[in-house]
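Be aware that the sequence shown starts at 40, since it is given in the numbering used here, and climbs by one per residue.
Positions of the beta carbon are idealized from the N, C-alpha and C atoms, including for glycine.
Here is the structure we will look at, set down as structure tokens.
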Amino acid sequence: MTAPVSVRGLTVRYGDVLALDDVSLTVPAGRVTGLIGMNGSGKSTLFKAVMGLVRPDRGSVSVQGADPGLARRNGRVGYVPQSEDVDWSFPVSVRDVVMMGRYGHQGVTRRARPADHAAVDDALRRVELADLADRQIGRLSGGQRKRAFVARGIAQGASIMLLDEPFAGVDKRSEATMVRLLRELADDGRTILVSTHDLQALPQLADEAVLLLRTVLFHGPVADALRPENLALTFGLDVLAGGEPAA
Ligand SMILES: Nc1ncnc2c1ncn2[C@@H]1O[C@H](COP(=O)(O)OP(=O)(O)O)[C@@H](O)[C@H]1O
Ligand SMILES: [Mg+2]
């Protein structure tokens with residue numbers, strides 16, 4: 040079977056900055072894979088490479104055996120960007136954001152048909168945002184905003200979901216709702232890749248973990264990822280002294 044996401048020898052540079060160096064990674068279906076790494080370790084760049092939004096310097100990315108840009112345009116991949124990458128003042132409602140997931144289904148006219156409205160309503164219910172559908176996206180809490188983007192991916196029919204720090208700035212209750220939702224989406228057979236700084240929640244969230252520091256330091260069971268020697272490699276020695284990983 041073709042892997043949902045396969046990365047081979049991926050190197051990405053921004054000018055002089057080496058953001059990813061020889062990353063190889065296969066992300067499986069039906070599981071939640073946690074992506075762990077300190078700021079600047081290349082997590083967002085890896086997501087953008089899987090979306091076909093940054094060009095590899097070397098190596099390759101394939102999404103269900105296809106070019107990542109093509110897979111994105113075909114709606115195979117849902118993306119919940121980092122908060123910093125979104126303009127929250129944009130005058131769109133929650134429903135509008137979720138409807139964007141249907142554009143690929145609507146042809147050039149972009150006229151929503153009953154099936155599109157039904158898919159949007161279903162997705163809003165799934166993420167428990169049906170009550171807030173008409174609110175401007177910026178007037179939601181951090182956790183609700185993230186769920187709106189997950190709903191966009193669901194409405195789109197994405198079988199792969201990429202979530203870039205969906206728990207940053209989100210309260211614990213919202214985080215628990217999101218964890219439950221991601222577990223359900225994985226149980227449906229979707230591929231979930233999610234970056235997080237919350238190591239405490241990792242065992243509840245993820246089936247496996249990838250430790251990233253420009254390259255993959257470790258990929259395997261969560262319990263092994265959380266061993267002190269692996270965390271020391273990923274975050275530096277401070278975590279061993281009981282400090283929080285540098286955010
Ligand atoms: N558009 C960009 N231009 C220049 N450097 C960038 C750009 N985006 C990211 N970088 C740099 O690439 C490295 C990896 O960044 P990023 O992928 O955002 O890491 P993370 O998401 O883990 O914080 C960092 O050194 C960052 O400063
Ligand atoms: Mg990032």
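(Q) Per DSSP, what are the beta-bridge partners of residue 258 in this structure? (A) As a first step, residue 258 is located in the sequence shown; it is residue number 219 there, counting from the start. In the DSSP output, where bridge partners are listed per residue, residue 258 has 249.
request  = Collect the residues with a C-beta less than 5 Å away from any heavy atom of ligand 1 and give them in sequence order along the chain.
outcome  = Residues flagged by the Cβ proximity filter: 53, 56, 58, 78, 79, 80, 81, 82, 83, 84.
Q.
I'd like the list of long-range same chain contacts for residue 88, defined as Cβ closer than 8 Å, with 5 residues on each side in sequence excluded.
A. Residue mapping note: residue 88 aligns to position 49 of the sequence shown, counting from 1. Excluding residues up to 5 positions away in sequence, 46, 49, 51, 59, 95, 100, 107 lie with their Cβ nearer than 8 Å to the Cβ of residue 88 in the same chain.
Check: Would residue 204 be called buried (16 or more neighbouring beta carbons within 10 Å of its own) or exposed?
Finding: The residue labelled residue 204 in the question sits at position 165 within the sequence shown. Note on residue 204: 16 or more other CB atoms within 10 angstroms of its CB, so buried under the neighbour-count rule.
Q | Close beta carbons around residue 260, own chain, < 7 Å, minus the five adjacent residues each side | A | Position 221 of the sequence shown holds residue 260. Correct list, in chain order: 247.
Return the CA-CA distance between residue 78 and residue 151, expressed in angstroms with no decimal places.
On the sequence shown, position 39 is the one that residue 78 refers to. On the sequence shown, position 112 is the one that residue 151 refers to. Residue 78 and residue 151 have their alpha carbons spaced roughly 40 Å apart.
- Query: Thinking just about the alpha-carbon of each residue, which of 44, 210, 145 is nearest to the one in residue 182?
  - Reply: Against the sequence shown, residue 182 aligns to sequence position 143. The shortest C-alpha separation from residue 182 is found at 210.
Check: Is there contact here, the region 152 to 162 with the region 110 to 129, by at least three beta-carbon pairs under 8 Å?
Finding: Contact between the region 152 to 162 and the region 110 to 129 is absent: fewer than 3 CB-CB pairs across the two stretches fall below 8 Å.
If you compare alpha carbons, which of 57, 53, 71, 62 is closest to residue 224? Against the sequence shown, residue 224 aligns to sequence position 185. That would be 71, whose Cα lies nearest to the Cα of residue 224.
- Task: May I ask you to report which of helix, strand or coil DSSP gives residue 61?
- Result: As a position in the sequence shown, residue 61 is number 22, starting the count at 1. Strand.
Ordered list of alpha helix (DSSP H) runs contained in the region 75 to 161, each at least 4 residues: Listed in chain order, the complete alpha helix (DSSP H) runs (minimum 4 residues) inside the region 75 to 161 are 82 to 89, 107 to 112, 133 to 139.
Classify residue 83: buried if its beta carbon has 16 or more other beta carbons within 10 angstroms, exposed otherwise.
Indexing the sequence shown from 1 puts residue 83 at position 44. Per the 10 Å Cβ criterion, buried.
Worksheet item: Can you tell me where the alpha helix (DSSP H) with residue 191 in it begins and where it stops?
Response: By one-based count along the sequence shown, residue 191 stands at place 152. First-last of the alpha helix (DSSP H) with residue 191: 181 to 195.
- Message: Rounding to the nearest angstrom, what Cα-Cα distance links residue 256 and residue 148 in this structure?
- Response: As a working note, residue 256 is residue 217 in the sequence shown. As a working note, residue 148 is residue 109 in the sequence shown. Straight through space, the alpha carbons of residue 148 and residue 256 are spaced by roughly 47 Å.
Need the endpoints of the beta strand (DSSP E) that residue 273 sits in, please.
For the purposes of this step, residue 273 is identified with residue 234 of the sequence shown, where counting begins at 1. Going by DSSP, residue 273 is part of no beta strand (DSSP E) but of the alpha helix (DSSP H) stretching over 267 to 274.
(message) Please determine whether the Cβ atom of residue 203 lies at a distance below 7 Å from any heavy atom of ligand 2.
(response) Mapped onto the sequence shown, residue 203 falls at position 164. Under cutoff, so the answer is yes.
Open item on the list: Assuming contact is defined by CB atoms lying nearer than 8 Å, are residue 174 and residue 132 in contact in what I supplied?
Closed with: Here residue 174 corresponds to residue number 135 of the sequence shown, with the count starting at 1. Here residue 132 corresponds to residue number 93 of the sequence shown, with the count starting at 1. Against a cut-off of 8 Å, the Cβ pair of residue 132 and residue 174 comes out as a contact.
Legend entry - Residue environment, residue 53, which counts as buried when at least 16 other CB atoms sit within 10 Å: The count along the sequence shown starts at 1 and reaches residue 53 at position 14. That one is exposed.
Problem set entry | Counted within 10 angstroms of its Cβ, other Cβ atoms place residue 167 as buried (16 or more) or exposed | Translated into positions along the sequence shown, residue 167 becomes position 128. When all chains shown are included, residue 167 counts as exposed.
- [ ] Quickly, what does DSSP pair residue 230 with across the bridge? List them, please.
- [x] Looking up residue 230 in the sequence shown gives position 191. Residue pairing by DSSP places residue 230 opposite 199 in a beta bridge.
inquiry  = Taking its Cβ as the centre, do 16 or more other Cβ atoms sit within 10 Å of residue 264, making it buried, or is it exposed?
reply    = Taking the sequence shown and counting its residues from 1, one reaches residue 264 at position 225. Counting the other CB atoms within 10 Å of its CB gives residue 264 a total of 16 or more, which places it among the buried residues.
(request) Quick one: using the 10 Å Cβ neighbour count with 16 as the cut-off for buried, is residue 153 buried or exposed? (result) Taking the sequence shown and counting its residues from 1, the one referred to as residue 153 is at position 114. Exposed is the call here.
(Q) Tell me the DSSP secondary structure of residue 49 in three-state form. (A) As a first step, residue 49 is located in the sequence shown; it is residue number 10 there, counting from the start. In the three-state reduction of the DSSP assignment, residue 49 falls in the strand class.
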